[in-house]
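Accompanying notes for the structure given below.
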Amino acid sequence: MSIYFYTDTTSLLNDYYQKKKRNNPSFSIRSWAAQMGMKHHGPLQQVLAGNRSIPKKYIPNLIKSMRLSAKEGLYFETLVDLEKSHSPEQSLTYYDRLKEMRPSKDGVKILDIQYYKFFMNPLHSIIRTMTERKDFKNCTKFIKSKLAWKTTESEIKSIIENLIDLKLLEKTSEDKLIKVNKHVRSKPDIPSNIIQDYHKRMCDEAKDAIGAQSVDMREYSSLCFNLKADQFKKAREELREMVDSFIQKYEAEPFQSNETYQLNIQLFSLTKN
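Counting from -14, one number per residue, gives the positions in the sequence shown under my numbering.
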């Protein structure tokens, strides 16, 4: 089990626990907590369930219990720091550290980490989508003039370079930008502060568009309803299917459109359990 295959501590700890359990059926969360000198197993159970982050004071004992090397321990601690980061800038710092620590010859390609830069700034998604408009020009001045977004030509240039590095755009010999693959998505249901920041940013844009765009250029709808708790997963799956169907029906073929839109979907609880 290579720690360098992991991009979140919850998956790592659960895989370690299951491996120990297979080798020793009597191994339990309670016994693991006791081995690490913890008075109660509840906090460890919450960490394994993904309901809380790892407190700093637990890190040394977790590293010791999993018998990680010094370098592996540093990778693990950096994963914890990444999950606790409070800003895109902090996240990018830890992201770069993780990249540097991964062995260069282990063949590991971690997409969750690789695409942090993409989700950290929504302009990556917007500019990448714009390349398939019929009026698109590979010119930072043109792109800036079309964006309803505060940015600079230097930022646009940097984002295009990132997209090419991530193999999400290709530059042809004629200096045209070609989109690779249709859409980029994070893995469903994986907690990530970067993904959360992305959604917050797009929600802010939706809020601003209410006053900035005329009603014939936008559509907003909101309602409150009651839902059985055991129906939530099914409802969420149907929402995802609905979005896929909507995009398949209305997304324009490459180089046939002259507008770029954002579709946000939110379904969240308004009450406490």
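Where is the CB? At the ideal position from N, CA and C, for every residue including glycine.
Note that this is a predicted model, so its numbers are computed, not measured.
Straight-line Cα distance separating residue j from residue i
i	j	result
Ala317	Ile112	In the structure as shown, the chain begins at -14 and stops at 258. Residue 317 is therefore absent and cannot be evaluated.
Lys135	Ile141	11 angstroms
Pro10	Leu64	29 angstroms
Lys84	Pro107	22 angstroms
Tyr(-11)	Phe12	25 angstroms
Glu238	Glu117	8 angstroms
Glu138	Ile163	20 angstroms
Arg37	Thr157	47 angstroms
Pro176	Asp182	Residue confidence is low: Pro176 scores 44 on pLDDT, short of 50, so the model does not pin down where it sits. Its coordinate-derived value is still stated next. Using only the alpha carbons, I get a separation of about 11 angstroms.
Ile145	Thr245	17 angstroms
Glu155	Asn147	11 angstroms
Cys124	Ala133	16 angstroms
Ser110	Leu153	10 angstroms
Val165	Met115	13 angstroms
Arg186	Ser(-13)	34 angstroms
Pro173	Ile180	Annotation note: pLDDT 47 at Pro173 (below 50); position unreliable, coordinate value reported separately. The straight-line gap from Cα to Cα measures roughly 10 angstroms.
Lys129	His71	29 angstroms
Asn243	Asp189	24 angstroms
Met23	Ile39	13 angstroms
Ser16	Ser54	23 angstroms
Asp150	His184	24 angstroms
Gln198	Lys131	14 angstroms
Arg82	Val200	46 angstroms
Phe127	Asp193	23 angstroms
Lys94	Gly58	Caution is warranted here: a pLDDT of 47 is assigned to Lys94, below 50, making its placement in the model unreliable, and no coordinate value can be reported.
Tyr(-9)	Gly27	24 angstroms
Status (buried if at least 16 other CB within 10 Å, exposed otherwise) for residue i
i	result
Ala18	buried
His25	exposed
Thr(-5)	buried
Lys102	buried
Ile232	exposed
Phe104	buried
Asp160	exposed
Ser76	buried
Tyr60	buried
Phe217	exposed
Pro73	buried
Leu(-2)	buried
Asp91	Residue placement at Asp91 cannot be trusted, given a pLDDT of 49 that sits under 50; what the coordinates show is reported in the next sentence. So Asp91 ends up on the exposed side.
Met227	exposed
Ile195	exposed
Lys257	exposed
Leu255	exposed
Tyr235	exposed
Phe121	buried
Leu212	exposed
Tyr205	exposed
Asp(-7)	buried
Whole-Å CB distance - residue i paired with residue j, under 8 angstroms assumed
i	j	result
Ile250	Leu224	6 angstroms
Leu252	Arg221	7 angstroms
Glu62	Ile44	6 angstroms
Met21	Ser50	5 angstroms
Lys119	Gln247	The pair is not a contact, with the Cβ atoms about 19 angstroms apart (cut-off 8 angstroms).
Leu29	Ile14	6 angstroms
Tyr79	Asp66	5 angstroms
Residues that DSSP places opposite residue i in a beta bridge
i	result
Leu154	Lys164
Ser242	Arg118
I want to know whether the region 23 to 39 touches the region -8 to 6 - three or more CB-CB distances under 8 angstroms. A contact exists between the region 23 to 39 and the region -8 to 6.
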